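Report on the structure given below.
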Amino acid sequence: SARQVWAEVDDWAAQALLPADPVLEATLEASTAAGLPAIAVSPLQGAFLQVLARTVDARLVVEVGTLGGYSTTWLARGVAGDGRVVTIEYSPRHADVARVNLARAGLLEKVDVRLGDATEALPALADELGDERADLVFLDADKANLPTYVEWAIRLVRRGGLVVVDNVVRGGGVVDPSRDDADVQGVRAMLEALRDEPRLDATVLQTVGAKGYDGVLVGIRTDVRDPD
Ligand code: SAM
Numbered sequence: 005s006a007r008q009v010w011a012e013v014d015d016w017a018a019q020a021l022l023p024a025d026p027v028l029e030a031t032l033e034a035s036t037a038a039g040l041p042a043i044a045v046s047p048l049q050g051a052f053l054q055v056l057a058r059t060v061d062a063r064l065v066v067e068v069g070t071l072g073g074y075s076t077t078w079l080a081r082g083v084a085g086d087g088r089v090v091t092i093e094y095s096p097r098h099a100d101v102a103r104v105n106l107a108r109a110g111l112l113e114k115v116d117v118r119l120g121d122a123t124e125a126l127p128a129l130a131d132e133l134g135d136e137r138a139d140l141v142f143l144d145a146d147k148a149n150l151p152t153y154v155e156w157a158i159r160l161v162r163r164g165g166l167v168v169v170d171n172v173v174r175g176g177g178v179v180d181p182s183r184d185d186a187d188v189q190g191v192r193a194m195l196e197a198l199r200d201e202p203r204l205d206a207t208v209l210q211t212v213g214a215k216g217y218d219g220v221l222v223g224i225r226t227d228v229r230d231p232d
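Numbered continuously in UniProt numbering, the sequence shown closes out at residue 232.
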């Protein structure tokens, strides 16, 4: 089937490009052992996040949706020397697993795992950062609140920084406006909010691979000032 081929190509490319990585493997194993769902980004997607972090010479990355810290590990490895990742997770169990995984990876000094609902944690973080800005914001939690998350991401990220949103295609389900699915509706509402949004120049890339058919939104913060 097509899906099988996508998975094979993912394996083939990952074999060629990504060296065996006991730390990342241990993170996935510990996450599975702790009963976390297998919904982390794929290895190649993790590598993509790391490339993006390096592209913007990231000193501060904000991630929403930590799970077991798999994507967090890729991002933390992509930040410059003294840089850091703030990652927000509302499940105490997920956050605990992530902290153990990040400690094993030797990254706990670079990563701040914050327990809380992102709808509250993002405004709190904006408050705390004051004039400091993130270089990259990665949104990978619930999709229902994406319109809110993307607004905070635009406010938090510096001009020239990136906003990345995972799972914005959902097997193609996003094109059906009548779909009774909070995730689909959240993605649709976010895209509507981004229509004519002067502060973000964005694109959607459809993706296939080990995780099936989905897509990622990548946007760059423009020079335009906040409306308020
Ligand atoms: N980024 C992770 C990775 O690739 O390794 C995967 C994240 S997983 C797809 C989504 C995570 O978001 C889950 O751990 C879930 O508990 C968390 N989450 C869901 N809703 C949230 C919310 N409102 N605030 C914070 N975290 C939330």
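Glycine is no exception: its CB is placed at the ideal position from the N, C-alpha and C atoms. As the structure is a computational prediction, the values presented were derived from the model and not from experiment.
It is roughly 22 Å from the alpha-carbon of N105 to the alpha-carbon of D146. Between I224 and A138, the alpha-carbon positions lie close to 12 Å from each other.
By alpha-carbon distance to D25, the top candidate from A109, R118, W10, G82 is A109. By the neighbour-count criterion, in which 16 or more other beta carbons inside 10 Å mark a residue as buried, Q8 falls on the exposed side. When rounded, the separation of the alpha-carbon atoms in A51 and E113 is 21 Å. As for any beta strand (DSSP E) of minimum length 3 sitting wholly inside the segment 58-87, the runs are 64-68, ordered along the chain. Proximity of the segment 36-45 to the segment 9-18 falls short of the contact definition, fewer than three beta-carbon pairs being nearer than 8 Å. Secondary structure within the segment 127-172: the alpha helix (DSSP H) runs of 4 or more consecutive residues, fully enclosed, are 150-160 (chain order).
Per DSSP, the continuous beta strand (DSSP E) segment holding R118 begins and ends at 115-119. Y217 is bridged by DSSP to V212. Going by beta carbons, Q54 and R81 fall inside the 7 Å limit. Ranking A125, S75, L48, P23 by CA distance to the CA of V212 puts L48 first.
Between V169 and L140, the beta carbon gap of about 12 Å keeps them out of contact (Cβ cut-off 8 Å).
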